[in-house]
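**Student:** Right, I'll just put the structure down here and ask away after.
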Amino acid sequence: MRIRDGRIVEVAARRLAVAHASVIDGRGHFLTPGLIDGHVHLGSDGGLRDDQAESHPELLQAFHRQEPRSYLYFGFTHLVDLKQSEDFVAAWQQQPVAPGLSYCKGLPFPNGYGEAFLPEPSRNRSPYLLDDPAQHEKMPADYRAAEHSVAAIVAKVRATDARCVKTFYEEGFAGLWNWPVPSNELIGEVKQQAKAAGLVHMHHANSLHGYRQAVESGVDIIAHGLWHWDEFNGRDDLPEPIRELLDRVIRQGIAVQPTSQVLGGELRLLEPGFLDDPRLADALPATLIHWYRQDDAQWFLRKLMENLERTELVTAFLGHPPSGERTETSRTGLRRLNQVVQYLHEHGGRLVFGSDTPSSPTYTNPPGLNGRLELQWLADNGFTPLEILRMATLETARTFGLDDDIGSVEVGKRANLLLLDADPSTSVAAFDSISVVILDGVPIQRAVLSARHPAAR
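Each residue of the sequence shown is one higher than the last, beginning at 49 in the numbering used here.
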């Protein structure tokens with residue numbers, strides 16, 4: 049293979065003339081496209097509350113400094129952030145080394161998911177806020193409905209470099225909150241306007257109600273698996289109405305990101321031992337891992353435990369009274385997700401890769417490593433190594449309209465590549481044997497990207 053100016057310019061079965069080129073000897077190794085994580089949230093709080101970040105700015109700075117390196121260390125050479133600003137993207141691209149980045153614009157619903165967490169002066173101020181006539185009296189005094197029509201919002205998105213929009217169906221995480229949600233008609237209009245503008249339409253949904261809206265609206269990608277079964281929460285097997293809904297997902301060609309690590313991250317928070325995983329030292333600075341062992345760092349675990357004490361909500365989610373075992377809800381959600389993804393897999397559904405890093409303000413979805421854990425979950429749930437490789441490269445690239453540039457080893461494409469010591473067609477464990485990450489044609493020894501390396505400090 050010959051690479052010039054960051055692009056693959058020649059691939060041949062014969063040995064190429066070297067002339068004055070730099071040479072990487074790949075004999076005995078395996079070459080793959082760089083992995084693509086289609087669901088990340090960059091620049092997060094690293095598991096710190098706002099007040100903790102203010103008290104320990106050095107910890108947050110260390111996290112942000114290592115974040116791009118960790119994605120590369122675990123083989124992710126391109127990311128899709130589902131809700132990001134142009135200022136952040138510009139800063140990301142100025143870093144010494146960082147994966148390629150595509151991004152979406154989030155289209156929140158008034159006083160709904162996301163907006164409800166904001167302080168009053170900041171709430172319902174997004175230029176991409178969808179209009180809800182039923183809530184006009186709750187809007188800021190300077191709110192102008194015409195500026196928040198779907199057509200107006202999509203036009204604003206088109207004026208940026210975003211390649212996707214993200215809408216949300218979230219009633220409040222199994223009853224913890226009671227948030228307003230958009231109508232099927234509104235989300236359907238977003239889909240039509242986005243399609244006309246050449247934008248991919250992603251939809252946050254992890255419940256049966258949310259999946260129904262996704263199908264009725266015809267979105268492009270559902271950004272989560274289905275683990276809230278709503279009126280079927282009491283069922284252990286996959287109910288026929290859910291099978292029928294998944295059949296519609298398949299027929300309509302809607303892509304699904306399982307995002308099992310939403311639940312995996314909860315389990316790692318609830319179970320001891322995660323902070324002793326040796327891979328964590330490659331993903332996160334040692335100072336941060338040390339802080340995570342302190343009692344102050346367990347604030348989100350305590351919040352999770354408080355939620356689990358709300359017996360009526362836990363009973364509604366489980367479909368039966370809780371046993372008292374604190375991982376029961378997360379394991380139940382994961383069991384449901386396994387069944388849904390297995391059904392989609394066996395019946396020809398479109399599954400694309402996304403880790404949802406981080407899915408909550410926890411330290412148990414570390415950058416890069418969280419994606420590696422998602423790869424392993426796919427392997428543990430019946431996907432072949434080649435299916436996983438394709439899902440995390442070409443299929444995700446195609447779904448986001450990136451396949452002209454990345455996702456496969458072809459002439460003309462960006463030289464984002466991985467050199468591995470083991471064969472990724474036989475096991476996903478091969479991605480633990482990455483020796484060189486090639487980013488835009490520049491080879492980087494993997495060890496240099498680790499948080500352990502002096503260059504990371």
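C-beta atoms are modelled at their ideal positions from N, C-alpha and C, and glycine is treated no differently.
Can you check which of these residues, Val88, Ala242, Leu323, is closest to Arg341 by C-alpha distance?
**Tutor:** Closest option to Arg341, Cα to Cα, is Leu323.
**Student:** Using the DSSP secondary-structure output, state which residues sit across from His251 in a beta bridge.
**Tutor:** Thr215, Ile270
**Student:** Going by C-alpha distance, which of Asp451, Asp404, Arg398 is nearest Glu435?
**Tutor:** Arg398
**Student:** Please state whether the Cβ-Cβ distance between Leu352 and Glu314 is less than 8 Å.
**Tutor:** yes
**Student:** Quick one: what does DSSP say Ala189 is sitting in, helix, strand or coil?
**Tutor:** Assignment of Ala189 by DSSP, reduced to helix, strand and coil, places it in the coil class.
**Student:** Do you know whose CA, among Ala69, Leu108, Pro147, lies nearest Leu497's CA?
**Tutor:** Pro147
**Student:** Using beta-carbon positions only, say whether Phe157 and Leu178 come within less than 8 Å of one another.
**Tutor:** yes
**Student:** Beta-carbon within less than 7 Å of Ala110's beta-carbon, same chain only, minus the 5 sequence neighbours each way: which residues are those?
**Tutor:** Cβ within range, chain order: Pro333, Thr335, Leu336.
**Student:** For Lys239, write down the residues that DSSP places opposite it in a beta bridge.
**Tutor:** Paired residue(s): none; Lys239 is not in a bridge.
**Student:** Which same chain residues end up closer than 8 Å to Asp93 when comparing Cβ atoms and leaving out the 5 residues on each side of it in sequence?
**Tutor:** Same-chain partners within the cutoff: Ala101, Leu108, Pro409.
**Student:** Please work out which residues of its chain come closer than 6 Å, Cβ to Cβ, to Val310, disregarding the five sequence neighbours upstream and downstream, and give them in chain order.
**Tutor:** Its chain contains Asp404, Ser407 as the residues whose beta carbon lies nearer than 6 Å to that of Val310, once the 5 sequence neighbours on both sides are disregarded; these appear in chain order.
**Student:** If we count Cβ pairs, one from each stretch, closer than 8 Å, do we get three or more for the stretch 366-382 versus the stretch 410-422?
**Tutor:** no
**Student:** Nearer than 7 Å: is that true of the beta carbon of Gln424 relative to any heavy atom of the ligand NAD?
**Tutor:** The model depicted lacks the ligand NAD and carries no ligand whatsoever.
**Student:** Give a yes or no on whether the C-beta atoms belonging to Phe122 and Gly419 are separated by under 8 Å.
**Tutor:** yes
**Student:** With C-beta atoms as the reference, is Val476 less than 8 Å away from Ala427?
**Tutor:** yes
**Student:** CA-CA distance, Arg500 and Gly236?
**Tutor:** 48 Å
**Student:** Assuming Ala478 and Leu468 make a contact with CB atoms under 8 Å, what is their CB distance in whole Å?
**Tutor:** 5 Å
**Student:** Would you report the Cα separation of Ala520 and Glu279, rounded to the nearest angstrom?
**Tutor:** Residue 520 lies beyond the stretch modelled for the chain, which goes from 49 to 505, so this question has no answer here.
**Student:** Per the contact definition of three or more C-beta pairs closer than 8 Å, is the stretch 250-270 in contact with the stretch 291-304?
**Tutor:** yes
**Student:** Note down the Cα distance separating Met49 from Pro472, rounded to an integer number of angstroms.
**Tutor:** 19 Å
**Student:** Just curious, the alpha helix (DSSP H) that Ile436 is in, first and last residue?
**Tutor:** 433-438
**Student:** By Cβ distance below 8 Å, which residues in the same chain neighbour Glu115 in space, the five residues on each side in sequence not counted?
**Tutor:** Counting only Cβ-Cβ distances below 8 Å, and skipping sequence neighbours, we find Leu90, Gly91, Pro415.
**Student:** Tell me the residue span of the beta strand (DSSP E) that contains Thr80.
**Tutor:** Looking at the DSSP string, the run of the beta strand (DSSP E) that includes Thr80 is 78-81.
**Student:** Determine the DSSP secondary structure at Tyr176, reduced to helix, strand or coil.
**Tutor:** coil
**Student:** List the whole-angstrom C-beta distance separating Ile269 from Val400, where the pair is believed to meet the contact cut-off of C-beta under 8 Å.
**Tutor:** With 8 Å as the limit, Ile269 and Val400 qualify as a contact, their Cβ atoms being about 7 Å apart.
**Student:** Please report the straight-line C-alpha distance between Arg113 and Pro175, rounded to a whole angstrom.
**Tutor:** 29 Å
**Student:** Under the three-state reduction of DSSP, which class applies to Arg374: helix, strand or coil?
**Tutor:** coil
**Student:** Tell me, please, which residues DSSP counts as bridged to Arg52.
**Tutor:** Beta-bridge pairing links Arg52 to Arg55.
**Student:** Taking just the CA atoms, how far does Val202 sit from Val213?
**Tutor:** 8 Å
**Student:** Looking at Leu366 and Leu281, is the spacing between their C-beta atoms short of 8 Å?
**Tutor:** One detail in the question is off: residue 281 reads as Asn in this sequence, not Leu. Yes, the pair counts as a contact, with Cβ atoms nearer than the cut-off.
**Student:** Quick one: Cα of Pro289 to Cα of Trp277, how far?
**Tutor:** 10 Å
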